[in-house]
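Engineer: In the numbering used here, the protein residues as written are 31 to 450.
Okay, here's the structure, questions in a sec.
Okay, here's the thing in structure tokens:
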């Protein structure tokens with residue numbers, strides 16, 4: 031089976047030399063073996079910035095004006111969570127939007143991308159993909175020209191499946207969510223603060239004739255200020271004040287911010303694998319399908335790279351953000367998650383908290399390949415990451431309702447997912 035789908039983000043993060051964290055292998059192991067619930071601000075990774083380098087994601091967030099004053103609830107997550115549990119008045123989402131989907135080409139592999147609509151400077155509505163695997167926002171050159179948006183003169187490096195590219199940085203002023211239901215009576219739009227966007231074409235821009243063109247993408251720069259409810263069964267996307275999302279009946283899944291990219295990860299494993307060692311799972315609703323690298327495939331109990339088991343299996347031609355093609359074999363494998371690491375006080379043996387009894391593993395057919403996203407995203411900017419990882423895409427995420435607790439003061443995050 032051949033098709034085209036996005037298998038790699040435009041990870042708008044850093045000029046590589048300026049991000050100095052703990053070495054890549056140690057950082058990934060820390061994610062897999064550490065409980066983040068007790069992390070304090072002083073434990074967060076340190077970042078050193080050189081004025082001569084390309085701007086980092088941290089610079090982008092500073093330029094954008096997103097911060098404590100951007101929305102009235104920013105910086106008040108704890109209070110909002112307490113209000114959600116003590117108030118007798120039902121909490122409503124700030125925005126409850128219809129979840130539109132981009133149809134894949136005939137023979138495409140995976141599940142349809144998620145689209146919502148924005149008004150910008152009173153014009154629109156414009157279709158924007160929602161992408162938890164994108165660090166900042168993205169707009170097309172077409173939209174930039176249509177709205178007369180001036181470039182800031184800054185550029186950012188973007189990682190793509192076959193390499194890297196560079197995009198202009200612009201301020202996206204006057205954007206608002208539209209075409210949905212909102213918390214206040216009579217409200218027709220939800221105004222957004224000035225956002226930072228990178229100008230770039232991308233393959234999904236013209237993928238669906240019913241949504242042509244898709245004018246941009248919404249990434250974690252904006253999503254991190256909400257609890258984001260992807261209610262796939264009901265076809266709704268809801269944005270809640272931090273700590274107030276309704277997750278009744280859902281299973282709590284411990285997660286963490288992977289590094290300065292701001293992207294979210296969980297501990298993933300397969301119920302069929304021979305050991306209980308999890309791999310890093312990147313939550314990516316901007317990828318139509320899921321991908322594991324070859325080291326993860328080995329841990330998950332899948333055949334080795336040179337195995338005859340892949341002969342005759344469907345091959346995917348994945349299309350990266352830069353238009354490059356990557357060929358990957360596919361394999362059926364169930365996936366699940368595990369909780370925080372716990373140490374037996376007597377034996378000292380480390381294990382991981384299992385899912386609850388009502389949890390059913392995801393059924394999936396994954397692509398297998400060593401993409402640049404794994405080594406670059408999970409690396410420390412100097413040393414590529416060479417460990418096991420899986421990119422968890424829409425073929426898995428869209429099976430159930432998923433709530434992302436995207437923001438927080440430290441690296442600890444939570445996801446809430448329907449058990450079956």
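Every residue, glycine too, gets a C-beta built ideally from N, C-alpha and C.
If you're wondering where the values come from, they're calculated on a predicted model, not measured in any experiment.
Given that a residue counts as buried once 16 or more other Cβ atoms are within 10 Å of its Cβ, and exposed if not, what is residue 182?
Structural biologist: So residue 182 counts as exposed.
Engineer: Would you kindly work out how many angstroms separate the C-alpha atoms of residue 246 and residue 375, rounded to a whole number?
Structural biologist: For residue 246 and residue 375, the distance between alpha carbons rounds to 51 angstroms.
Engineer: Starting from the N-terminal side, write out each stretch of the beta strand (DSSP E) that is 3 residues or longer and does not extend beyond the region 177-231.
Structural biologist: For the region 177-231, whole beta strand (DSSP E) runs of length 3 or above, ordered along the chain, are 181-190, 193-202, 205-208, 219-221 and 225-229.
Engineer: Provide the residue span of the alpha helix (DSSP H) that contains residue 404, from first to last.
Structural biologist: Residues 402-407.
Engineer: For residue 380, count neighbouring Cβ atoms within 10 angstroms of its own Cβ and tell me buried if that reaches 16, exposed if not.
Structural biologist: With fewer than 16 other Cβ atoms within 10 Å, it is exposed.
Engineer: Return the first residue and the last residue of the beta strand (DSSP E) that residue 157 is part of.
Structural biologist: It spans 153-160 - the beta strand (DSSP E) in which residue 157 sits, taken as one unbroken run.
Engineer: Among 207, 274, 174 and 208, which one has its Cα closest to the Cα of residue 229?
Structural biologist: Answer by Cα proximity: 174.
Engineer: Out of 368, 339 and 321, which one is the CA nearest neighbour of residue 356?
Structural biologist: When only C-alpha atoms are compared, the closest one is 321.
Engineer: At the level of alpha carbons, what is the spacing between residue 394 and residue 300?
Structural biologist: Going from the Cα of residue 394 to the Cα of residue 300 covers about 11 angstroms.
Engineer: How far does the beta strand (DSSP E) with residue 452 in it reach, from first residue to last?
Structural biologist: The structure shown does not extend to residue 452, since the chain is modelled only from 31 through 450, so no value can be given for it.
Engineer: Secondary structure at residue 338, three-state DSSP: helix, strand or coil?
Structural biologist: If DSSP states are grouped into helix, strand and coil, residue 338 belongs with the helices.
Engineer: Taking the Cβ atom as the reference point for each residue, do residue 251 and residue 166 lie within a distance shorter than 7 angstroms?
Structural biologist: Against a cut-off of 7 angstroms, the Cβ pair of residue 166 and residue 251 comes out as a contact.
Engineer: Quick check: what's the CA-CA separation for residue 171 versus residue 143?
Structural biologist: The alpha-carbon atoms of residue 171 and residue 143 are separated by roughly 21 angstroms.
Engineer: Sort 440, 148, 441 and 154 by Cα distance to residue 160 and report the nearest one.
Structural biologist: It is 148.
Engineer: Who are residue 260's beta bridge partners in DSSP?
Structural biologist: DSSP, once it has assigned bridges, lists 267 and 432 as partnering residue 260.
Engineer: In whole angstroms, give me the CA-to-CA distance for residue 387 and residue 216.
Structural biologist: Cα to Cα, residue 387 sits roughly 44 angstroms from residue 216.
Engineer: Classify residue 175 as helix, strand or coil using the three-state DSSP reduction.
Structural biologist: Of the three classes helix, strand and coil, the one that applies to residue 175 here is helix, per DSSP.
Engineer: Report yes if the C-beta distance between residue 254 and residue 437 is below 7 angstroms; otherwise report no.
Structural biologist: In this structure, residue 437 lies closer than 7 angstroms to residue 254 by Cβ.
Engineer: Taking the alpha helix (DSSP H) that residue 426 belongs to, which residues open and close that run?
Structural biologist: 424-427 is the span of the alpha helix (DSSP H), which, as asked, contains residue 426.
Engineer: Per DSSP, what kind of secondary structure is residue 392 in: helix, strand or coil?
Structural biologist: Correct three-state label for residue 392: strand.
Engineer: By the 10 Å Cβ neighbour count, where 16 or more other Cβ atoms means buried, how is residue 277 classified, buried or exposed?
Structural biologist: So residue 277 counts as buried.
Engineer: Mind checking which residues open and close the alpha helix (DSSP H) that includes residue 442?
Structural biologist: That residue, residue 442, is in no alpha helix (DSSP H); its beta strand (DSSP E) goes 442-447.
Engineer: Going by Cα to Cα distance, which pick from 447, 427, 122 and 404 is closest to residue 140?
Structural biologist: Measuring from the Cα of residue 140, the nearest candidate turns out to be 427.
Engineer: Rounded to the nearest angstrom, what separates residue 296 and residue 133 at their Cα positions?
Structural biologist: Cα-Cα distance, rounded: 28 angstroms.
Engineer: How about residue 332 and residue 399: do their beta carbons lie closer than 7 angstroms?
Structural biologist: Contact flag unset, no.
Engineer: Assuming the contact rule is C-beta atoms closer than 8 angstroms, residue 163 and residue 317 should be a hit. Round their C-beta distance to whole Å, please.
Structural biologist: Contact flag correct, Cβ pair sits at about 6 angstroms.
Engineer: Taking the beta strand (DSSP E) that residue 125 belongs to, which residues open and close that run?
Structural biologist: Residues 125-128.
Engineer: Relative to the alpha-carbon of residue 238, which residue among 128, 145 and 256 has its alpha-carbon at the smallest distance?
Structural biologist: Among 128, 145 and 256, the Cα nearest to that of residue 238 is on 145.
Engineer: Which of the three DSSP states is assigned to residue 326 in this structure?
Structural biologist: Of the three classes helix, strand and coil, the one that applies to residue 326 here is helix, per DSSP.
Engineer: Measuring straight from C-alpha to C-alpha, what distance separates residue 431 and residue 285?
Structural biologist: For residue 431 and residue 285, the distance between alpha carbons rounds to 16 angstroms.
Engineer: With a threshold of 16 other CB atoms inside 10 Å of the CB of residue 435, please say whether the residue is buried or exposed.
Structural biologist: So residue 435 counts as buried.
Engineer: Under 7 angstroms, Cβ to Cβ, is there at least one residue of chain C near residue 394?
Structural biologist: Protein chain content of the structure displayed is limited to a single chain, and chain C is not contained in it.
Engineer: Start and end of the beta strand (DSSP E) containing residue 169?
Structural biologist: Counting along the chain, the beta strand (DSSP E) containing residue 169 begins and ends at 167-169.
Engineer: Let me know the secondary structure DSSP gives residue 332 once reduced to three states.
Structural biologist: Note: residue 332 maps to coil in three-state DSSP.
Engineer: Straight-line CA distance for residue 413 to residue 404?
Structural biologist: Roughly 12 angstroms between the two C-alpha positions.
Engineer: Mark residue 439 as exposed unless 16 or more other C-beta atoms lie within 10 angstroms of its C-beta, in which case mark it buried.
Structural biologist: The residue is exposed, with fewer than 16 neighbouring Cβ atoms inside 10 Å.
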